[in-house]
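Report on the following structure.
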Amino acid sequence: MKHVRSIAVIFATGMAAAGAASAQDIYKSGVGGLYTGLNYTFMNLESGNADADVGTLSAKVGVMATPYLGIEARGGFGVDDDRIGGVDYSLDNFFGGYATFNLANESPITPYAILGFTRVEIEASSFLGTATEDETDVSYGIGMNMEFAPNLSGNLEYMRYYEDSNAEVDGLGVGIQFNF
């Protein structure tokens, strides 16, 4: 009985050490690794008859849960407004949580689809006053990451951030991503 306990302790210690070594290998290979990035997005706001083009700057942080699945959070704010017919349109801020479904392959380009939720705050102001819409909706899009170096990649992405009967927010983003 004493030998069985000793063998069980040695086996459990070996499994824990192998699991830690395996986790370390996964982290180094990018699977299970953290990443962060910055994007500039050319946003298109459609609200009623208005069709405004604005710009946003955003940051993201995420983790690659598997080679095919990433989980990330993003947040951003407007840096460029558009004036149409005496009305200033802007996307004040947005944030959300997303899952990326990656088509992992051997090339430096990794296509992906993205799905999640985004909260947006859109503002229209004129001499008559200011109107704000602050809503949350399902977001989806497609994109691709291109590896420049082992820990550095660029990305191009189209995303539908928000849509309802009154407004639509689409974006074409370009950015850079750092993998840890």
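Okay, so the sequence shown: first residue is 1 according to the UniProt record's numbering, each after it adds one.
The beta-carbon is built from N, C-alpha and C at its ideal position, and this holds for glycine as well.
Source: prediction; values computed, not measured.
Where D88 is concerned, the enclosing beta strand (DSSP E) starts and stops at 87-102. DSSP lists no beta-bridge partner residue for L128. By the Cβ neighbour-count rule, D53 is exposed, with fewer than 16 other Cβ atoms within 10 Å of its own. Leaving aside the five residues that flank D134 on each side, the residues in its chain whose CB is nearer than 6 angstroms to its CB run, in chain order, E121. Listed as beta-bridge partners of D51 by DSSP are E46. With contacts defined by Cβ atoms closer than 9 angstroms, G37 and N151 do not form a contacting pair. For A167, the enclosing beta strand (DSSP E) covers residues 167-179. Just so you know, the alpha carbons of A59 and N145 end up roughly 15 angstroms apart.
The straight-line gap separating the alpha-carbon atoms of D137 and L45 is approximately 15 angstroms. Residue burial is scored here from C-beta neighbours: V169 has at least 16 other C-beta atoms within 10 angstroms and is therefore classed as buried. For G33, there is no enclosing beta strand (DSSP E), as DSSP marks it with neither H nor E. E157 has G143, G173 as its beta-bridge partners, per DSSP. The Cβ neighbour count for F94, taken over all protein chains shown within 10 Å, is at least 16; the residue is labelled buried.
The criterion of a C-beta distance shorter than 9 angstroms is not satisfied by G55 and G85.
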